[in-house]
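Protein chains: 2
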Amino acid sequence: MIVKRLVILGVGLIGGSLALAVRKTGVCQQVVGWGRSPGTLQRALDLQVVDAIEPNLAAAVRGADMVVVAIPPGAMQGMFQELAKYLAPDAIVTDVGSTKGSVVAAARMAFTTELAHFVPGHPIAGKENSGVEAADADLFQRKRVILTPIPETNPEALRRVRALWECCGAEVSEMEVEHHDTVLAATSHLPHLLAFTLVDALAHMDDSWEIFRYAAGGFRDFTRIASSDPVMWRDICLANRTELLTVLGRYNEGLTQVAAAIAAGDGTRLQAVFDHARKAREHFLQLEVTVQAPKNTSNRCF
Amino acid sequence: MIVKRLVILGVGLIGGSLALAVRKTGVCQQVVGWGRSPGTLQRALDLQVVDAIEPNLAAAVRGADMVVVAIPPGAMQGMFQELAKYLAPDAIVTDVGSTKGSVVAAARMAFTTELAHFVPGHPIAGKENSGVEAADADLFQRKRVILTPIPETNPEALRRVRALWECCGAEVSEMEVEHHDTVLAATSHLPHLLAFTLVDALAHMDDSWEIFRYAAGGFRDFTRIASSDPVMWRDICLANRTELLTVLGRYNEGLTQVAAAIAAGDGTRLQAVFDHARKAREHFLQLEVTVQAPKNTSNRCF
Chain A
-12 MIVKRLVILG VGLIGGSLAL AVRKTGVCQQ VVGWGRSPGT LQRALDLQVV DAIEPNLAAA
48 VRGADMVVVA IPPGAMQGMF QELAKYLAPD AIVTDVGSTK GSVVAAARMA FTTELAHFVP
108 GHPIAGKENS GVEAADADLF QRKRVILTPI PETNPEALRR VRALWECCGA EVSEMEVEHH
168 DTVLAATSHL PHLLAFTLVD ALAHMDDSWE IFRYAAGGFR DFTRIASSDP VMWRDICLAN
228 RTELLTVLGR YNEGLTQVAA AIAAGDGTRL QAVFDHARKA REHFLQLEVT VQAPKNTSNR
288 CF
Chain B
-12 MIVKRLVILG VGLIGGSLAL AVRKTGVCQQ VVGWGRSPGT LQRALDLQVV DAIEPNLAAA
48 VRGADMVVVA IPPGAMQGMF QELAKYLAPD AIVTDVGSTK GSVVAAARMA FTTELAHFVP
108 GHPIAGKENS GVEAADADLF QRKRVILTPI PETNPEALRR VRALWECCGA EVSEMEVEHH
168 DTVLAATSHL PHLLAFTLVD ALAHMDDSWE IFRYAAGGFR DFTRIASSDP VMWRDICLAN
228 RTELLTVLGR YNEGLTQVAA AIAAGDGTRL QAVFDHARKA REHFLQLEVT VQAPKNTSNR
288 CF
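For the record, the sequence lines run as chains A and B. Our numbering numbers the first residue of the first sequence as -12 and each following residue consecutively. Our numbering numbers the first residue of the second sequence as -12 and each following residue consecutively.
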């Protein structure tokens, strides 16, 4: 047992699931939840997601040896600035934000002198439902977690954050901050944007009721991510706007070309695109299968 | 038992599933499969999907009282023209095409004198996998089937096609041809086009391997329909091109607006779109729940 006091700031789906997963392993002496909403915080305690709650930030982080910031990306900068006032110098800080460039920039603004104990992180896991009620001890099992250490990051701090996630069943990898944001813009941020936009556009059509009535399973799957938290996704889209707009531009070029092929009745061109997409997806599904169970699943991982 | 000889032209996922479902109910005396590929046809027999196979079209439809055309939309016109030579005047013809305007136009070209027994249809059911191996007797259970009768359609022919689908567990509704094509362009054809285009665009990026490697469950769901049959979807996109390009235009307007909101850092606008989409999807999911089990599930439905 190495983490004595693990403090989770923001006990929603991700923060709550991490608390449950960590408590199951027994690697932390105490898991404390903090949040801005007293109601949510109380529910986290009632649902036995955390060992204790503390609505006062200064009191919450006092004595913490690791702090996990699990709040929407848009609130990250303000949080870091508050945290900088209260944190012990050797306390490790990590986060779960879906964009890393913006989080690192916010950390550099706030933690002006001490960045050695800051380990940016991103668990690639989620659910259609959000909130502490949806928290799940197995959410990170066999899921990828990307850590994006910065030059200042202390290797021991990095090792401990990695170990925390591995205890939760995740496969941890490391990546450059910029690379993370490019990859996630393509496979996560853009698809969310497209799904939200499609459902919004159809809902504005005259016969939207009729349209949705005849939607089948394919539409339900395609639009599942449009049920995600609007505030969080607003923040993510703005935080990673440069990478997102770049990949959206690439996508729009493709869309313009298929639209032209349809208008011209160019079946050959259309089929080539569809064929290539189908093969690429098959290849991608094979990659997924190769995600191995993590080596460390006992509480000896620290 | 009213259908003595039900002939299914094209024994793939849809044709094969219909054969299995109908045979389970016992409402047809004989279900005969026809197809261009001798191998597929033989597999349909080996897998006991049909009672009999007949590789010769003239022989297959001889004595048929109902013929179901379950081939890709692009092959429909040629098939109707061949069929017109062999069909008995009172044989009912229906189809399972995803676009109805193009199918009706093809039928009008081919069946110049006799359209009373033509009942255009579209079962809204599918699977990620295609082919006779994926055929499933329960594929149409609680799924919607849309029939789009034309002015010439005989009410008795319509009643019998409706009864066939209801026997398979489907909920059957009727719709105008044009309305069908508008509704399906929005909820099926456009999402397929967007999914194919996204996967193709990402697969062309320099680090596509890395991109797909870090894709999570949301991406897998969003792109599931990009694993659909490229030839069938090429045909559908071309057959329903007018409606598809219209709804794509609406979608592109929405996408231009959200891109502008992101570029301008307009979080309020972005959140309004995301909120509206999420609420619309919740509403749509509630509609889905109201699909009731069909009234007729015994073989008395004829």
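Glycine is no exception: its CB is placed at the ideal position from the N, C-alpha and C atoms.
Asked: At least 3 beta-carbon pairs within less than 8 Å: the stretch 165 to 176 of chain B vs the stretch 24 to 33 of chain B; Found: no
Asked: Contact check, H104(A) vs I79(A), beta carbons under 7 Å; Found: yes
Asked: Chain-ordered neighbours of E197(A) on chain B, where CB pairs are closer than 7 Å; Found: V170
Asked: Residues near A302(B) in its chain [Cβ-Cβ closer than 8 Å; skip 5 each side]; Found: This structure cannot settle anything about residue 302(B), because the visible part of chain B is limited to -12 through 289.
Asked: Among Q64(B), T210(B), F127(B) and E120(B), the one whose alpha carbon lies nearest that of E342(B); Found: The structure shown has nothing for residue 342(B), since chain B only spans -12 to 289.
Asked: CB-CB length for T86(B) against A226(B), believed under 8 Å; Found: 4 Å
Asked: Backbone CA spacing between G118(B) and G(-1)(B) [nearest angstrom]; Found: 4 Å
Asked: Inter-residue Cα distance where the pair is V186(B) and K(-9)(B); Found: 46 Å
Asked: Supposed close pair M66(B), G84(B) - CB separation, criterion 8 Å; Found: The Cβ separation is near 11 Å, so there is no contact.
Asked: Segment limits, alpha helix (DSSP H) that includes Q292(A); Found: Outside the shown range of chain A (-12 to 289) lies residue 292(A), about which nothing can therefore be said.
Asked: Top-ranked residue by Cα proximity to C224(A), from R49(A), L151(A), H179(A) and L74(A); Found: H179(A)
Asked: Contact check, V18(B) vs A6(B), beta carbons under 7 Å; Found: yes
Asked: Against chain B: residues of the stretch 0 to 25 of chain A by CB proximity under 8 Å; Found: none
Asked: Pair within 7 Å by beta-carbon distance, A68(B) and A97(B); Found: Inspection of the sequence shows that residue 68(B) is occupied by Gln rather than by Ala. Yes, these two residues count as a Cβ contact at 7 Å.
Asked: Same chain, Cβ closer than 7 Å to P281(A), neighbours up to 5 away in sequence not counted; Found: Only weak support is given to the placement of P281(A): the predicted model assigns it a pLDDT of 45, under 50, and the question is left unresolved by the model.
Asked: Chain-order list of residues whose beta-carbon lies under 6 Å from that of V55(A) (same chain, five-residue window excluded); Found: I(-5) and T81
Asked: Range covered by the alpha helix (DSSP H) that runs through E143(B); Found: P142 to C154
Asked: Whether R268(B) touches A213(A) by CB criterion (7 Å); Found: yes
Asked: Complete runs of the beta strand (DSSP E) confined to the stretch 25 to 63 of chain B [at least 3 residues]; Found: 53 to 56
Asked: Chain-ordered chain A contacts of L32(B) [CB-CB under 7 Å]; Found: Under the 7 Å cutoff, chain A gives no residues; its nearest Cβ is about 28 Å from L32(B).
Asked: Top-ranked residue by Cα proximity to G20(A), from G13(A), A46(A), T12(A) and K11(A); Found: A46(A)
Asked: Among E139(B), L134(B), V91(B) and R129(B), nearest to E101(B) - alpha-carbon criterion; Found: E139(B)
Asked: Buried or exposed by the 16-neighbour rule on C-beta atoms within 10 Å, applied to W196(A); Found: exposed
Asked: Close-in-space but distant-in-sequence residues of the same chain around M162(A) (CB under 6 Å, 5 per side omitted); Found: I133 and T135
Asked: C-alpha gap between P42(B) and G50(B), whole angstroms; Found: 15 Å
Asked: Alpha helix (DSSP H) segments (min. 4 residues) lying fully within the stretch -10 to 19 of chain A; Found: 0 to 12
Asked: Local Cβ density within 10 Å of D193(B), reported as buried at 16 or more and exposed below that; Found: exposed
Asked: With 16 other Cβ atoms within 10 Å as the buried cut-off, status of R287(A); Found: Bear in mind that the predicted position of R287(A) carries a pLDDT of just 40, short of 50, making it unreliable; the figure below should be weighed with that in mind. Per the 10 Å Cβ criterion, exposed.
Asked: The alpha helix (DSSP H) enclosing I198(A), as first and last residue numbers; Found: S195 to R200
Asked: Given I109(B) as reference, the closest of Q244(B), K130(B), D253(B) and Q258(B) once Cα atoms are compared; Found: Note that residue 109(B) is His in the sequence shown, not Ile. Closest by alpha carbon: K130(B).
Asked: 8 Å Cβ shell around L44(A) - same chain, five flanking residues per side excluded; Found: L(-4), W21, E69, L70 and Y73
Asked: Whole-Å CB distance - P60(B) paired with S24(B), under 8 Å assumed; Found: In fact, because the Cβ distance is near 18 Å, the residues do not count as touching under 8 Å.
Asked: Short Cβ contact (7 Å threshold) for I249(B) with R228(A); Found: yes
Asked: For D187(B): DSSP bridge partner residues; Found: Note: D187(B) sits in no beta bridge, so no partner.
Asked: Three-state class that DSSP yields for S160(A) in the structure shown; Found: strand
Asked: Proximal residues of chain A, C-beta to C-beta of I111(B) below 8 Å; Found: Y201 and A203
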